[in-house]
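Trainee: The structure under discussion is supplied below as structure tokens; questions concerning it will follow.
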Amino acid sequence: MMSWETVIGLEIHAQLATRSKIFSSAATAYGAAPNAQANLVDLGYPGVLPVLNREAVRMAVKFGLAIGAQISPRSIFARKNYFYPDLPKGYQISQYEKPVVEKGKMQILLEDGTIKVVGITRAHLEEDAGKSLHEDFHGASGIDLNRAGTPLLEIVSEPDMRSAKEAVAYLKKIHTLVRYLEICDGNMQEGSFRCDANVSVRPIGQEKFGTRCEIKNLNSFRYIEKAINYEVARQIEEIEAGRKIKQETRLFDPDKGETRSLRSKEEANDYRYFPDPDLLPVVIEQDFIESVRTTLPELPDQKAARYIEKFGLSAYDAGVLTASREMGDYYEGVLAALKSQNLEGNEKLAANWTMGELSAALNKDGVEVTESKIDAARLAGLLARIADETISGKIAKEVFESMWAEGKDADAIIEAKGLKQITDTGAIEKTIDEVMAANPKQLADYRSGKDKLFGFFVGQVMKVTGGKANPAQVNDLLKKKLAG
Amino acid sequence: MSLTDHDVKNIAHLARLALTEEQVPVYVDSLSKIFDFVAQLNAADTASVEPMAHPLAGQVQRMRPDEVLDSDQHGKYQRNAPRVEADLYLVPKVIE
Amino acid sequence: MTELHHLTLAELNEGLRARRFSSVELTKHFLARIERLNPTLNALITVTTEQALAAAQRADELLASGEAGALAGLPLIHKDIFCTDGVLTTCGSRMLANFVAPYDATIVEKLSQSGVVMLGKANMDEFAMGSSNETSYYGPVKNPWDLKKVPGGSSGGSAAAVAARLAPVATATDTGGSIRQPAALTGLTGLKPTYGRVSRYGMIAFASSLDQAGTLTYTAKDAALVLRDMAGFDPRDSTSVDMPVPDYVAALDQPLQGLKIGLLKEFFEGGLEESTGKLIREALQVYERLGAQLIEVSLPNLPLSVPTYYVVAPAECSSNLSRFDGVRFGYRCENPKDLVDLYKRSRGEGFGAEVKRRIMTGTYVLSAGYYDAYYLRAQKVRRLITDDFARAFQQVDVLMGPTSPTPAFDIGAKVDDPITMYLNDIYTIGANLAGLPALSIPCGSVGGLPVGLQIIGPHFAEAKLLNVAHGYQNETLWHRDIPKGYE
């Protein structure tokens, strides 16, 4: 049987987080009453004209710089002509021959730990369409044009991805990046960040691409993986059954987990693009580019590299902690608070707790790290008590739970519950003496060579001290005492 | 050049214009004449000429500040709409 | 005795300010003429009597208090292509027969602020597509010089109204000659400013890279008065040019001694009627007497302007008119069976034959496989023509020639042959393709029908054009001729 290779390219639509629309001064806020945010320009009224929003251009340039792309010194808006009820003018203002951003790239971390570079062909500015609501109005559809004219950055990748997992990894990286750059809120449920996938298969070793299908309606990371995997299997099955793949647009049905063909309209491809005569060439001067460059934050890849180099974190851990700007900010907030208490050198400890207990608690409550019930300073307060050996790691988990539930400082909980670690050698020795006295048989067995019983004695000492005895000290002292 | 009925019907469909059967031959005739007429353009030597989309050279797109200046006026704007319900513009059912 | 409608706009302005008559009197005078004469001419689609009287009342108050704008109290008619808040705005189409604009076009707003009194909205070729005003859904407009003749188009209603003295000024638009050709055919001064000089916001688009708003008046001086308040930068129009507006009135009396006039060789070819050509040459002699120098110039690519235009303009219009789909405004067909049917029948029934022809032409020249051969090539030839003009203006100050190859023709004479109709604009289209300012002034008549002299200038040379036209009008009286029956 033939082996197949999957080829995937993604087209991502990111709504830019401007206050007003790309060509009009109406608001872009989500969730307004129907048509309340569609002004005359958005409605395509006779006589009105578009004027470009500077902020949309600034955001596109920011993205271009972040992916190491070329910023076009002169880009052109074109009209893409087609009739659809959510497209009020009968054309979409987009960019065709000369997009604002060209030739960028993005690194993704594969499961085997290697890094892959995905090419980004272009990113162009365009206006979003409105929405057709299909609830039944006596057999009619209702059109809400609030979304019409919202700025979009369409980010088009090269067909560089070879599996659904790679596609998801790339999509997540772009998702992270646009939020780092604060140019898109990344909300997939509200449609601020959407994706279409171009999928094809070819026999391994063949250079020529197979016929591709475009899958639309991919509004979650999970759907994308499912949809691509379904589509790949479908295409292989078709070809192996001797049928040809038809180039078409397919829609993913999340309920059925399938893709299905959209009615193919013969003239659908004849968009009659031509330069929009209402808009002049967009000229981006070097000064403008440099002023945008100064606003670039540390990018996820740069931050991850710093974590690896300076803090000694693994590539995986660095990747997790930089997956969102907020998570990185939190982590670094913890480090800063520890530093202020002269407790440097606990970067791994802080990483483990941020990725472990904290992330688990956030997930459980379904809240973002910015809404965490334990802020970075408080977590640092807890880690400080581990670092200075006031409490053990095990007790710390208990303290963490109380902190999450009660919203108090670690110290207050340790104090109130009397969880402070016992580090007084005399006290620990006294407990050991008691335990040895209470367990003469085990003591005799141990001394006759049953080394395994060491753990039994540790357990007994911890039990008596309620887990508060310093484990390292217990080990040392026990060894001496048991030896007799 | 001469267009066929089929050509004219295709163009009319692309432009979403209903034509009656009697109108088709009229447009076949006049559109064919127009395309013959504009074929004069082939006489010009345009080999090294940049296309011109705007009449004023050197003008560039102005950019406006990102400000919201509009308030909700859908009631006023929808007075011209043939069919509105629940503040939505109604069209025959859209099938995807 | 001299009646109010015999006065130019400038004279009316003086009279108002000297309180020789009030704006209400003036407005009533013209409204009465409209009521009496418009039914024959069909020059107006809407008459805004009540609003006009209210605006005149306000103007009189402002004139009394000394706070009036430069054009306070002067009656004006707007071409029905300009959106007027709360007033029917049809663009001469069934598509917009019920369309009440919810906003004012920038020029409507600016002129209101100057105090003009809008009397009504002028008939026009449907969506400004036509050269004879015969494509209007509201029926053809008649030429007051001869009711069997067309007034020209597309601003035929504006031209007929001013020529018949129904108002001293009307706004108009010019995409391929739609101000200048009707001005020539009705004996008026018609000014098309430089592309970008006057805002296009609120002017219903035909071909966005060619459309420009201007005026139809009796004299160049009147045009200067109105343009001064109509022109200027508009942040709502990306193609509007941010340049100060000069005082066109102050520049009118510059001497014409030493003026270099280019005679366009190509303008004296191509179907120019001999009698029209003769009048143009006589007009040129007037300029020679005023000390101007005549220099023959050639624009070798100019003969391609009509075919270039009939690719570029339809391409842009096919896209601009896609918004008329029966959903948010305008005509909607009865009982559409599905979405495609809604679009096709609303548009098929709402647009007239010429508009449909141009939409189809434009759709075709932009479609896959034809874009390069038609649209892109036309855009390249457009540059060649523009470069020809630029070279000519290195040699001369202005270019002169006829506005139209013939005087007004019979209603119905050219409706069946689009090419013959399109060739009416052979002398005017070049200025639109190159974005140049141009005007037409009356320079005589043939068989009782006016003939126009066209003057074209370099970009933003409106002041020079008006100066040159005013110099001629100081020497001649053609602009004072009133058609019989309208005295």
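Going down the list, the sequences are from chains D, F and G. So the first sequence is residues 21 to 504, counted in my numbering. So the second sequence is residues 3 to 98, counted in my numbering. So the third sequence is residues 302 to 788, counted in my numbering. Positions of the beta carbon are idealized from the N, C-alpha and C atoms, including for glycine.
#1: Taking the alpha-carbon positions, what's the residue 827 of chain G to residue 482 of chain G distance?
#2: Kindly say whether residue 530 of chain G, judged by its beta-carbon, lies nearer than 7 Å to any beta-carbon of chain D.
#3: Could you tell me whether any Cβ in chain D is nearer than 7 Å to the Cβ of residue 54 of chain F?
#4: Using C-beta distances below 8 Å, list every residue in its chain close to residue 361 of chain G, excluding the 5 sequence neighbours before and after it, in chain order.
#5: Looking at residue 628 of chain G and residue 93 of chain F, is the spacing between their C-beta atoms short of 7 Å?
#6: Can a CB atom of chain F be found closer than 7 Å to the CB of residue 38 of chain D?
#7: Which chain G residues are close to residue 290 of chain D, counting only those with a beta carbon under 8 Å from its beta carbon?
#8: What is the residue span of the alpha helix (DSSP H) that residue 460 of chain D lies within?
#9: Just checking, does the stretch 64-79 of chain D make contact with the stretch 32-52 of chain D on the three C-beta pairs under 8 Å criterion?
#10: Measuring straight from C-alpha to C-alpha, what distance separates residue 488 of chain D and residue 445 of chain D?
#11: Which residues in the same chain as residue 15 of chain F place their Cβ atom closer than 7 Å to its Cβ, once the five residues preceding and following it in sequence are excluded?
#12: Tell me whether residue 34 of chain F sits in a helix, a strand or coil according to DSSP, three-state version.
#13: Please list the segments of the alpha helix (DSSP H) lying wholly inside the stretch 52-123 of chain D, counting only runs of 4 or more residues, in order along the chain.
#14: First and last residue of the beta strand (DSSP E) that includes residue 744 of chain G?
#15: Output the distance between the C-alpha atoms of residue 229 of chain D and residue 105 of chain D, rounded to the nearest integer angstrom.
#16: May I ask you to list, following chain order, the residues of the stretch 209-225 of chain D that have a beta carbon less than 8 Å from some beta carbon of chain F?
#17: Determine, for residue 83 of chain F, whether the minimum Cβ-Cβ distance to residues of chain D falls below 7 Å.
#18: Which residue marks the beginning of the beta strand (DSSP E) containing residue 75 of chain F, and which one marks its end?
#19: Does the beta-carbon distance from residue 397 of chain G to residue 631 of chain G come in below 7 Å?
#20: Considering just the uninterrupted stretch of the beta strand (DSSP E) at residue 586 of chain G, what are its terminal residues?
#21: Counting only Cβ pairs nearer than 7 Å, list the residues of chain G close to residue 101 of chain D.
#22: The alpha helix (DSSP H) that contains residue 509 of chain G, what's its start and end?
#23: Label residue 28 of chain D either buried or exposed according to how many other C-beta atoms from any shown protein chain fall within 10 Å of its C-beta, with 16 as the threshold for buried.
#24: Quick one: using the 10 Å Cβ neighbour count with 16 as the cut-off for buried, is residue 75 of chain D buried or exposed?
#25: My parser needs the alpha helix (DSSP H) runs of 4 or more residues fully inside the stretch 51-88 of chain F; what are they?
#26: Taking just the CA atoms, how far does residue 782 of chain G sit from residue 702 of chain G?
#27: Does residue 163 of chain D come within less than 7 Å of chain F when only Cβ atoms are used?
#28: Going along the chain, which residues of its own chain have a beta-carbon closer than 6 Å to the beta-carbon of residue 741 of chain G, five neighbours each way excluded?
#29: Rank D:343, D:393, D:391, D:399 by C-alpha distance to the C-alpha of residue 353 of chain D and give the top, closest one.
#30: Tell me, which residues are paired with residue 794 of chain G by DSSP?
#31: Assuming residue 537 of chain G contacts residue 550 of chain G under a Cβ cut-off of 8 Å, what Cβ separation, rounded to an integer in Å, is found between them?
#32: Give me the Cα-Cα distance between residue 88 of chain F and residue 54 of chain D, rounded to the nearest whole angstrom.
#33: Taking the alpha carbon of residue 309 of chain D as the point to measure from, which residue in D:56, D:50, D:89 has its own alpha carbon closest?
#34: Specify, as a first and last residue, the run of the alpha helix (DSSP H) that residue 195 of chain D falls within.
#35: Less than 7 Å between C-beta atoms, sequence neighbours within five positions excluded: which residues of the same chain meet that for residue 206 of chain D?
#36: Note down, in chain order, every chain F residue with its Cβ under 9 Å from the Cβ of residue 640 of chain G.
Mentor: Per the coordinate set shown:
#1: One cannot answer for residue 827 of chain G here, as it falls past the ends of chain G, which runs 302 to 788.
#2: no
#3: no
#4: 323, 324, 325, 374
#5: In contact: residue 93 of chain F and residue 628 of chain G (Cβ atoms closer than 7 Å).
#6: With 7 Å as the cut-off, residue 38 of chain D counts as an interface residue toward chain F.
#7: 668, 669
#8: Element bounds for residue 460 of chain D: 460-467.
#9: Yes, the stretch 64-79 of chain D touches the stretch 32-52 of chain D.
#10: Cα-Cα distance, rounded: 13 Å.
#11: none
#12: In this structure, DSSP gives residue 34 of chain F a helical state, which the three-state scheme calls helix.
#13: 74-86
#14: 739-747
#15: 35 Å
#16: none
#17: no
#18: No beta strand (DSSP E) holds residue 75 of chain F; DSSP gives it neither H nor E.
#19: yes
#20: From DSSP, residue 586 of chain G is part of no beta strand (DSSP E) but of the alpha helix (DSSP H) over 575-590.
#21: 620, 623
#22: Per DSSP, residue 509 of chain G is not a residue of any alpha helix (DSSP H), being assigned neither H nor E.
#23: buried
#24: buried
#25: 76-79
#26: When rounded, the separation of the alpha-carbon atoms in residue 702 of chain G and residue 782 of chain G is 21 Å.
#27: When Cβ-Cβ separations below 7 Å define contact, residue 163 of chain D makes contact with chain F.
#28: 481, 484, 485, 491, 704, 753, 755
#29: D:399
#30: For residue 794 of chain G there is no data in the structure shown, the boundaries of chain G being 302 and 788.
#31: Not quite, the Cβ-Cβ distance comes to about 27 Å (not below 8 Å), so this is no contact.
#32: 8 Å
#33: Checked all of D:56, D:50, D:89; the closest Cα to residue 309 of chain D is D:89.
#34: 184-200
#35: 195, 198, 199, 212, 213
#36: 93, 94, 95, 96, 97
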